[in-house]
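To keep things clear, I will list the structure first and then write my remarks on it.
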Amino acid sequence: MIVNLIEFLKARSKLVRHGGYGIVAAIVIWSLIVIDRHHVHSWLEKIPGFWSLFTIVSALVLVFVAKAWAKTGIETDEDYYDR
94 MIVNLIEFLK
104 ARSKLVRHGG
114 YGIVAAIVIW
124 SLIVIDRHHV
134 HSWLEKIPGF
144 WSLFTIVSAL
154 VLVFVAKAWA
164 KTGIETDEDY
174 YDR
């Protein structure tokens with residue numbers, strides 16, 4: 094079932110990518126129109142989509158830090174325990 098879904102999405106990767114862009118654009122437009130910015134706590138919260146961008150950047154930093162940390166010794170060769 095999952096394999097079929099993954100193959101379905103892979104076959105339509107361009108549609109999936111454009112759908113993702115559309116969802117992000119809809120969220121930014123929604124945040125421009127609906128969210129009240131009169132009582133923000135800092136100047137950063139006045140930026141449309143700030144928390145979404147902050148989340149994406151934080152996730153990317155976390156992934157790259159985890160990869161760098163893994164390269165320092167957590168990852169081992171496949172035959173490490175065979176030796």
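What the sequence shown shows, in my numbering, is residues 94 to 176, in sequence order. Cβ coordinates follow ideal geometry from the N, Cα and C atoms, glycine included. As the structure is a prediction and not an experimental result, all values here were calculated from the model.
First through last residue of the alpha helix (DSSP H) which encompasses residue i
i, result
"residue 100", "95-104"
"residue 148", "143-162"
Own chain residues within Cβ distance below 8 Å of residue i, not counting five before or after
i, result
"residue 139", "130, 133"
Check whether residue i and residue j have beta carbons under 7 Å apart
i, j, result
"residue 112", "residue 124", "no"
"residue 102", "residue 109", "yes"
Member of the options whose CA lies at the smallest distance from the CA of residue i
i, options, result
"residue 120", "145, 100, 94", "145"
Neighbourhood of residue i by C-beta, 6 Å cutoff - its chain only, sequence neighbours within 5 removed
i, result
"residue 148", "none"
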